[in-house]
Every structure is written in C-alpha cells, then in structure tokens.
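Input: a single structure, listed below in structure tokens.
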Amino acid sequence: MLASPELAQLDGAARAAALAAFLKINPAGAVPIADVIEDAVRRDQALDQFERFLQGKLTERSQAVDRENAALQAEIDELVRRNREKMDANRRGVDTARERFELWRRGKAAEERRLAEAVAPFVDGNPISTAG
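With the numbering used here applied, the sequence shown corresponds to residues -7 to 124, in that order.
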C-alpha cells in the first residue's frame, strides 16, 4: 500500500493521515498504529538477525577458503622447492658430465698426438687426426 502511486504523490503528513484512516476502516478490522510499528520493528530485527547469520556464513566460508588456499600454496611451495632441487641436481649432473667429457677429450688429444708421432716416420701426410 505504501508503494501505491496515489500515496506516493502525497507529502509525509498527508500520507500518514491516509494510512491511519485506512487502518481504522480496514475491512478486516481496525489495526492500531502501535501494532503496525511493532510489526515493522520485529521485521527489521528479523532482517538484522538474518544479515548476521549470512555474515557469519560468509565469514566461515571466507576462512575455509583462506585455509584451503594456504594449504594449496604450501603444496605449490613444496613442489617448487623439490623441483628446484631436482633442477639444480640435473645441472650439476650435466656439469659433471661436461667436466668428464673435457677430461676425456684432453686424454684423446694426448693419445692422438702419441699415435701421430708413432706413425709419422712411416707415412707422408699423417693420417691421424690431431685437431681436437
């Protein structure tokens, strides 16, 4: 009734007078203004209580999501740590293999020089590769 276009055009005092008159001549029986106010207060309290309930649910959900996200981040951090360790170990393995290869190449070069010196007196143009 408060939203009716006819009442919306009235000023506050006229609107209150019209509503009070309707409540007195209501076909279902007169309704005291105090009952209307009491009903409005109870509805407001119910809305406030429901708002607190919803806020509590939202807070619980937010905290649960924060805990879950923290656990996921911990898993990510642990996975990153393990993978970095593995990557470092992989690099060290390649570095070790590279060092062994270079050591082998130096030995190969020494052996090729020895072979070239051994066959040099017997051939023109040495067939042994010594270029590394």
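Glycine included, each C-beta is placed from N, C-alpha and C at the ideal position. Remember, predicted model here, so these are calculated numbers, not experimental data.
Rounded separation between residue i and residue j - CA only
i, j, result
"residue 102", "residue 84", "27 Å"
"residue 71", "residue 59", "18 Å"
"residue 34", "residue 73", "58 Å"
"residue 8", "residue 40", "25 Å"
"residue 10", "residue 48", "41 Å"
"residue 52", "residue 45", "11 Å"
"residue 82", "residue 76", "10 Å"
"residue 21", "residue 2", "25 Å"
"residue 108", "residue 86", "32 Å"
"residue 19", "residue 0", "22 Å"
"residue -4", "residue 37", "25 Å"
"residue 78", "residue 89", "16 Å"
Residues near residue i in its chain [Cβ-Cβ closer than 8 Å; skip 5 each side]
i, result
"residue 112", "118"
"residue 66", "none"
"residue 91", "none"
Other residues of its chain near residue i: CB distance less than 6 Å, five sequence neighbours each side excluded
i, result
"residue 15", "23"
Among the options, the one whose alpha carbon lies nearest that of residue i
i, options, result
"residue 28", "12, 43, 37 and 75", "12"
Close-in-space but distant-in-sequence residues of the same chain around residue i (CB under 7 Å, 5 per side omitted)
i, result
"residue 121", "104"
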